[in-house]
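First residue of the sequence shown: 298, per the numbering used here; consecutive thereafter.
First up is the structure itself, then whatever we jot down about it.
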Amino acid sequence: MSTNKTKFTSEGFDLSAATNGNEGVVYEIGGGVTHQDSTSSNNINQSQRVDKDSSSPMYESERLKGLGNDHFKKGNHLDAYDYYTEAIEACPYGEGIGPTGSELLKLREEFEEQNREKMMERQRKEMEKRRSRRTNSSNENQKENKEENNDDDNDEEDKSSKEEEATFDPPRHLYGSKLAVYYANRAATLLHLGRDGEAIADCDISTLLNPTYVKAYLRRSTANERIENTEEALRDAQRALELEPSNTVARKNVARLQKLENERLEKLKEETMGKLKDLGNSLLGNFGLSLDNFNAVQDPKTGGYSIAFNQNK
């Protein structure tokens, strides 16, 4: 499947809003700025005082983010990338504060690897159980304990089901909401630079730091679409819309990506059916037949299908 790469520009930014002295501005690809929400004006003022206090642990990171925003607006994406990286590096980490982005990704990878190992172990045990049942199918004790064994099996299946539903719960970072913005902003520069894989990784970290950060999902959706991974792109767009139902960009992206994903699945189905048909014809050819000799006929009353053989084809 071929898709046109989205062209990103820095035009359309609301510069008057962006230069209003608001530290909560997040610059968006393709235009517009968004202000971070707060529960009250007192919280906003307190946040601004902390950011402007040179003794604040986040002072340097916020200063560097501001420089990155300035360069991003001017289209200096490499410089913006560098400043966002420095903002990330200047953020405090460690015990009592939180893990780095790379540590978060490593923890997630270890969690997923453990899940894969557990799944393989469950499959191995289930296979051994089936083998044991076949071996002992003539054993009278098997019949007597059948009900008891079924209860045990159901308990194990319920337990397995719960384990499969487990999701990675990342450790929290004291400044996670701000750090998520730095990573998502750096992802925006990476999209401009055509480094889509790195943009996805930065958005992964951003969503781990702040699972409700809509912009990170939208940017990761864009990056996934550009590498023709429409399934993941659609999932991220749907998540963004779920978090922010009034977001028109997310709504449009969901509709567009759903169409692309439906087309991809339809094409995949046609390709699969074509391969199956070729395989069937190669087998039936040994008997002088082909799949063209067989037709699926639907019963108008029941809706069911029957196979009709046509000798003349």
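Note that beta-carbon positions come from the ideal geometry of N, C-alpha and C, so glycine has one too.
Residue i, DSSP secondary structure in three states
i	result
Ala481	helix
Asn607	coil
Asn507	coil
Gly391	strand
Asn592	strand
Tyr472	coil
Asp334	In this prediction, Asp334 scores a pLDDT of 43, lower than 50, which makes its location untrustworthy; the coordinate-derived value is nonetheless stated afterwards. Coil, per DSSP.
Asn342	In this predicted model, Asn342 has a pLDDT of only 38, less than 50, meaning its place in the structure is not dependable; the value taken from the coordinates is given anyway. In this structure, Asn342 counts as helix in the three-state DSSP scheme.
Tyr602	strand
Asn373	coil
Pro597	coil
Asn429	What sits at residue 429 in the sequence shown is Ser, not Asn. Helix, per DSSP.
Thr519	helix
Ser434	coil
Ala463	coil
Ser358	helix
Thr397	coil
Leu402	helix
Asp587	According to the sequence displayed, residue 587 carries Ser and not Asp. In the structure shown, Ser587 sits in coil (DSSP, three-state: anything other than H, G, I, E or B).
Distance CB(residue i)-CB(residue j) smaller than 8 Å
i	j	result
Ala496	Ala477	no
Ala481	Asp466	no
Pro508	Pro396	no
Leu505	Ile394	no
Asn583	Asn607	no
Lys475	Ser351	no
Val594	Ser587	no
Residue closest to residue i, alpha-carbon to alpha-carbon, out of the options
i	options	result
Leu375	Arg419, Lys422, Ala485	Ala485
Arg523	Lys370, Asn433, Glu568, His489	His489
Glu386	Ala463, Asp367, Arg360, Thr432	Arg360
Asp493	Gly473, Ala530, Leu505, Thr464	Ala530
Asn412	Ser429, Thr464, Arg430	Thr464
Asp379	Asp533, Pro389, His368	His368
Pro542	Leu580, Val511, Arg405	Val511
Glu525	Leu562, Ala547, Lys549	Leu562
Gly571	Asp589, Leu402, Lys598, Asn550	Asp589
Pro389	Lys426, Gly473, Arg428, Arg405	Gly473
Gln555	Glu414, Met424, Arg532, Thr432	Arg532
Asn373	Asp596, Leu487, Leu580	Leu487
Whole-Å CB distance - residue i paired with residue j, under 8 Å assumed
i	j	result
Ala619	Leu515	Look at the range of the chain in this structure, 298 to 610, and you will see that residue 619 is not part of it.
Gly600	Ile502	50 Å between Cβ atoms; not a contact.
Glu558	Glu528	6 Å
Thr382	Arg483	6 Å
Tyr479	Lys362	6 Å
Ala377	Gly391	Actually they do not touch by this definition, with Cβ atoms about 27 Å apart.
Ala534	Ala547	6 Å
Residue i CB to nearest heavy atom of the ligand ATP below 7 Å
i	result
Ala537	Because no ligand of any kind appears in the structure shown, any question about the ligand ATP cannot be addressed here.
Chain C contact for residue i (CB, 8 Å cutoff)
i	result
Ile394	Of the protein chains in this structure there is only one, and it is not chain C.
request  = Would you list, in sequence order, the uninterrupted alpha helix (DSSP H) runs of no fewer than 4 residues that lie entirely inside the region 521-569?
outcome  = 527-540
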